[in-house]
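Here the sequence shown stands for residues 131 to 310, numbered as in this note's numbering.
A virtual CB, placed ideally from N, CA and C, is assigned to each residue, including glycine.
Since the structure comes first, as C-alpha cells, the remarks are kept for the end.
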Amino acid sequence: MNMKASVTVLLFLTLFGLNFSVYRDHFFVNHTVSWNDAQQYCRQYYDDLSTVREKDLQVYELIVVHQKSTWEEALEYCRQNYTDLAIINSEDIMEEAKINSTVADTDELWTGLRFLAGGWFWVNGVSFDYNVWSSDGEFQCPAMNQRCGVYDRTQKVCKPTDCERRLNFLCVKEKKKRWN
C-alpha cells in the first residue's frame, strides 16, 4: 500500500474512532491495577479502555425558573441558586432549551447573552461560536435598551431585548459526573 493510501486509511479510521467514541457507554471499574492489567480486563469484559473527555459528557442541566425578573435579577438568582444563566453554545443545548422552555410562563426567557463594549458574549466567558440567532444573523449594534439576550421559544432563536423586561429565565446547573 502506498504512503498516500496508508495516510488516508489511517485518517479515516482515526476520525471514525473519535466520532464513534461519543456514542459509547463508559463504565467505572473500581480496581487499582496497572495500565496493562486495566486494558486486559476491559478488553475481556467490555471493548477496551475508554477515552473520556469532559466535552463528551453532559455535565449540565437547564432549569426553567418561573419567576419574572429583569436580566440582572435573573443573573443574580441563577448564580446564587444554580451555576449561571444558561449558555446556549451548541446544538444539544439549543435542543434542550427548546424542550425545557415549553413549560415557561413567558414566550421569551433570559439567557446568559449580553452585549457590551461592541460585542455579544456569554456571561461565563464561553466563546460565541455557535449561531443562536435567526436567519437574519447577529445583531451587530442593538439599540441601547436591547442589549440582553433572550431565548424566544416561539421562534426557537435568541434575540436581543430590553434588559428591564420581566421574564422567566433559564439557569444552568452543573451535574455531578456519574459513571455506569
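Practice task
Using a threshold of 8 Å, state whether the C-beta atoms of residue 173 and residue 234 are closer than that.
Solution key: The residue given as residue 173 occupies position 43 in the sequence shown. The residue given as residue 234 occupies position 104 in the sequence shown. Against a cut-off of 8 Å, the Cβ pair of residue 234 and residue 173 comes out as no contact.
Exercise for the section: Scan the region 169 to 245 and note each continuous beta strand (DSSP E) run of 3 residues or more that stays entirely inside, going in chain order. Expected result: 190 to 199
Problem - Inter-residue spacing [alpha-carbon to alpha-carbon] between residue 190 and residue 212 - result: Position 60 of the sequence shown holds residue 190. Position 82 of the sequence shown holds residue 212. So the two alpha carbons sit approximately 10 Å from each other.
Exercise for the section: Name the two residues that bound the continuous beta strand (DSSP E) containing residue 278. Expected result: Walking along the sequence shown from the start, residue 278 turns up at place 148. Element bounds for residue 278: 278 to 282.
Handout entry: Secondary structure of residue 254, DSSP reduced to three states
Key = Residue mapping note: residue 254 aligns to position 124 of the sequence shown, counting from 1. Residue state, collapsed to three classes: coil.
Practice task
Report the residue from 243, 286, 287 whose alpha carbon sits nearest the alpha carbon of residue 327.
Solution key: Any answer about residue 327 is impossible in this case: the structure gives the chain only from 131 up to 310.
Exercise for the section: Would you mind working out which of 194, 298, 294 sits nearest residue 202, comparing C-alpha positions? Expected result: For the purposes of this step, residue 202 is identified with residue 72 of the sequence shown, where counting begins at 1. Out of 194, 298, 294, 294 has the C-alpha closest to the C-alpha of residue 202.
Exercise for the section: Using 10 angstroms around the beta-carbon of residue 163, count the other beta-carbons present and answer buried if the total reaches 16, otherwise exposed. Expected result: Translated into positions along the sequence shown, residue 163 becomes position 33. Residue 163 is exposed by the Cβ-count criterion.
Problem - Enclosing beta strand (DSSP E) for residue 304 [first to last residue] - result: Here residue 304 refers to the residue found at position 174 of the sequence shown. That run of the beta strand (DSSP E) goes 297 to 304.
Practice task
Measure the Cβ-Cβ separation of residue 198 and residue 298 and say whether it is below 8 Å.
Solution key: The residue labelled residue 198 in the question sits at position 68 within the sequence shown. The residue labelled residue 298 in the question sits at position 168 within the sequence shown. Result yes, Cβ atoms of residue 198 and residue 298 sit closer than 8 Å.
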